[in-house]
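A.B. asks: Here it is, the structure in full.
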Amino acid sequence: EASDNVLILDTARFKYGPHWVPLELVFEALIPEDPDTGKSRGYVVLSYDGKQDEISNPDTCQRCNSHLPLSVLFGSKQNDSLRKEFKDFLESLLPNVTLSSVISFWTKDRTNDNYIWELVQPQLQPVDSADVDMVTSLRRLLKGLIARKQSDMPSALLLTWQWRNVNNGNKSDVGCPPGGSCCTPSPNNGSVRTLEISPGEALYIVYLASLSKEQRRDIVFEDGTDVEMRIGVDDTVREQLLAEAALVSYAIETCDWDV
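Plus 6 on top of the position in the sequence shown (first one is 1) and you've got our numbering.
As structure tokens, this is what we get:
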């Protein structure tokens, strides 16, 4: 029902949940002066005009709009030089892009299993029940898809935590099923609240991003005739996985656009 309240959504959602505040109280909170600027804190209005944003590239003549899907698994890193290097690598392989070739690039020929975290980083763990369910279902889908490519995916990329004993330098690896609940967290992200995603799961999404839209859809929606190989997720989850791959693909494709 209508009310004179404002919904407050804090960026630190894991600490401060959404809550309603009377408009008058919000206004009073905007009045005090900021000691650094000598001005009241004020507010900013963000809006979208509904018109399609066009980005033209003379080489590709492609168009995109601002209604990009949202990722629940990864955030992209600002590393256009690395994206460009991978884009050139893919163009040298076309049309024969394989999971093995993508793994080779993003592990530096298996010398650095965490190199993929230079491209993407895990999102924060969701708190909304719908988002939690989506992440769980996405990883179940990934588990099934990776299982079909088991021979191409080195098991070390699907390990859980890789503990290193700083006292004696010993390293202990604990395995898990493909795409399971295990992870090797990004070494560049010290937050314990990030999703526990294995390098193998990230690599598989980058592999999907390296294919055409038609190829991605065929892979994600193809369950085959073998009942044991069918993956029990609905189409909404499959569409979200395609969206995850599309975001990575977009970042790679536009890395050298002069906009």
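Beta carbons: idealized from backbone N, C-alpha and C, even for Gly.
Rounded to the nearest angstrom, what separates R199 and Q131 at their Cα positions?
C.D. replies: Stepping through the sequence shown from its first residue, residue 199 is reached at position 193. Stepping through the sequence shown from its first residue, residue 131 is reached at position 125. If I take the Cα positions, the gap works out to 6 Å.
A.B. asks: In this structure, does DSSP put Q68 in helix, strand or coil?
C.D. replies: Translated into the one-based positions of the sequence shown, residue 68 becomes position 62. Summary for Q68: the model assigns pLDDT 45, below 50, so the residue's position carries little reliability; its value from the coordinates is reported in the next sentence. Looking at Q68 - three-state DSSP - the assignment turns out to be coil, as it is neither helix nor strand.
A.B. asks: State whether the stretch 39-48 contacts the stretch 22-31, with contact taken as three or more CB pairs (one from each stretch) at a distance under 8 Å.
C.D. replies: Result no; under three Cβ-Cβ pairs closer than 8 Å.
A.B. asks: Tell me the DSSP secondary structure of L13 in three-state form.
C.D. replies: Residue numbering aside, residue 13 sits at position 7 when the sequence shown is read from its first letter. Reduced to three states, the DSSP call for L13 is strand.
A.B. asks: Does the Cβ of S143 have 16 or more other Cβ atoms within 10 Å, making it buried, or fewer, making it exposed?
C.D. replies: Here residue 143 corresponds to residue number 137 of the sequence shown, with the count starting at 1. Buried is the call here.
A.B. asks: Bridge partners for W26 per DSSP, in chain order?
C.D. replies: Numbered from 1 along the sequence shown, position 20 holds the residue referred to as residue 26. Bridge partners of W26: L13.
A.B. asks: Taking R223 as the reference, give the member of E202, L247 and R236 with the closest Cα.
C.D. replies: Numbered from its first residue, the sequence shown carries residue 223 at position 217. Selected option, being the one with the closest Cα: L247.
A.B. asks: Just curious, the beta strand (DSSP E) that Q127 is in, first and last residue?
C.D. replies: Here residue 127 is taken as the residue at index 121 of the sequence shown, counted from 1. Counting along the chain, the beta strand (DSSP E) containing Q127 begins and ends at V126 to P128.
A.B. asks: Can you find the residues in the same chain that come closer than 8 Å, C-beta to C-beta, to A257, ignoring five residues on each side of it along the sequence?
C.D. replies: Counting from one through the sequence shown, the residue named residue 257 turns up at place 251. These residues qualify, in order along the chain: S82 and R89.
A.B. asks: Contact between the stretch 145-158 and the stretch 203-215 is defined here as three or more beta-carbon pairs at a separation below 8 Å; is this criterion met?
C.D. replies: Judged by Cβ distances under 8 Å, the stretch 145-158 makes contact with the stretch 203-215, as three or more pairs qualify.
A.B. asks: For a test of the three-state rule: what should DSSP assign to T242, helix, strand or coil?
C.D. replies: Along the sequence shown, read from residue 1 onward, the residue named residue 242 stands at position 236. The answer is helix: DSSP assigns T242 an H, G or I state.
A.B. asks: Let me check understanding here. Comparing Cα to Cα, which of A249, E220, E259 and R154 lies closest to D229?
C.D. replies: Against the sequence shown, residue 229 aligns to sequence position 223. When only C-alpha atoms are compared, the closest one is R154.
A.B. asks: Near G186, what residues of its chain come up, given a Cβ to Cβ distance below 7 Å and the 5 sequence neighbours on each side ignored?
C.D. replies: For the purposes of this step, residue 186 is taken as residue 180 along the sequence shown, with counting starting at 1. Since pLDDT at G186 reaches only 36, below the 50 mark, its modelled position is unreliable, and no value is offered.
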